[in-house]
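Mapping of the sequence shown onto my numbering: position 62 corresponds to residue 103, and the numbering continues sequentially without gaps.
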Amino acid sequence: MTYHDLHPYLLECAAEASRVARGVPAARLGDPTHCPGWDVRALVNHWVLYTSHGLEHRALRRQLSEELTARDFTADPDWAEAYAAQLDRAAAAWADPAVWEGEIDLGMAKTPAADLVALIIKETAVHGWDVAVATGQEFRVSDGAARLVLEVVEKHADLYRQYDGFAEPVAVPDDAPVFERALASSGRDPRQGPTGQASPKD
Numbered sequence: 042m043t044y045h046d047l048h049p050y051l052l053e054c055a056a057e058a059s060r061v062a063r064g065v066p067a068a069r070l071g072d073p074t075h076c077p078g079w080d081v082r083a084l085v086n087h088w089v090l091y092t093s094h095g096l097e098h099r100a101l102r103r104q105l106s107e108e109l110t111a112r113d114f115t116a117d118p119d120w121a122e123a124y125a126a127q128l129d130r131a132a133a134a135w136a137d138p139a140v141w142e143g144e145i146d147l148g149m150a151k152t153p154a155a156d157l158v159a160l161i162i163k164e165t166a167v168h169g170w171d172v173a174v175a176t177g178q179e180f181r182v183s184d185g186a187a188r189l190v191l192e193v194v195e196k197h198a199d200l201y202r203q204y205d206g207f208a209e210p211v212a213v214p215d216d217a218p219v220f221e222r223a224l225a226s227s228g229r230d231p232r233q234g235p236t237g238q239a240s241p242k243d
């Protein structure tokens with residue numbers, strides 16, 4: 042995968058994440074999510090940290106600071122606008138194809154820059170769906186972005202499950218939309234609503 046393959050999906054998922062973030066009511070930050078033990082606030086903080094600040098830091102070959110990793114982004118009433126602005130900065134940092142060359146030091150290991158971006162796009166979309174469903178919204182992606190997310194999920198699913206990042210896969214029909222298949226492969230039931238009950242569309 043290259044800059045030309047991935048950058049459009051990076052921009053697409055960042056824009057959708059910004060839209061969903063703006064739709065999160067402050068009153069729902071304490072609501073449960075599909076991620077065990079994480080309410081909306083905890084999930085949003087993880088989402089904001091790694092998909093915007095982390096994305097920019099990786100482009101600049103910098104490590105995240107302790108202050109950032111400990112920050113409660115939702116303590117700012119305008120956190121969604123700040124997140125959107127940070128996503129724009131992160132996307133701008135990856136606008137230069139040269140940034141996609143070589144490897145990125147993650148501290149414990151190095152990984153090709155393009156592979157890392159693919160993982161962060163997956164995080165943006167999958168956790169974006171988590172946030173959206175928990176707050177009564179939808180996270181929408183193109184078929185191309187959905188295929189990328191499915192590919193990344195399937196490639197790394199076993200590793201994520203070793204660290205409890207994914208649950209066991211959920212069965213969905215073979216003809217289910219690609220993004221639903223990606224969610225199911227990551228252990229999420231795309232037919233469930235925020236309470237864990239089947240959504241009305243089923």
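The C-beta atom is built at its ideal place from N, Cα and C for all residues, glycine as well. Keep in mind it's a predicted model, so treat the numbers as computed, not measured.
- Selection 61, 231 and 100 evaluated against residue 147 yields 100 as nearest (Cα-Cα).
- Note that the stretch 215-227 does not touch the stretch 78-96; fewer than 3 beta-carbon pairs, one per stretch, sit closer than 8 Å.
- Residue 82 sits close to residue 71, with the two beta carbons spaced by under 8 Å.
- If you draw a 10 Å sphere on the C-beta of residue 102, you find fewer than 16 other C-beta atoms in it, and that means exposed.
- As computed with DSSP, residue 151 is found in a beta bridge with 146.
- Closest by C-alpha distance to residue 178, out of 43, 51 and 69, is 69.
- Taking every protein chain shown into account, the CB of residue 231 has 16 or more other CB atoms within 10 angstroms, so this residue is buried.
- For residue 75, there is no enclosing alpha helix (DSSP H), as DSSP marks it with neither H nor E.
- Taken through DSSP and simplified to helix, strand or coil, residue 178 comes out as coil.
- Residue 151 is classed as exposed because its beta carbon has fewer than 16 other beta carbons within 10 Å across all chains shown.
- Out of 78, 109, 80 and 79, the CA that lies nearest to the CA of residue 93 is found in 109.
- Scanning the stretch 45-113 for uninterrupted alpha helix (DSSP H) segments of 4 residues or longer gives 81-89, 95-100 and 107-111, listed from N- to C-terminal end.
- Note on geometry: alpha-carbon atoms of residue 55 and residue 124 lie some 10 Å from one another.
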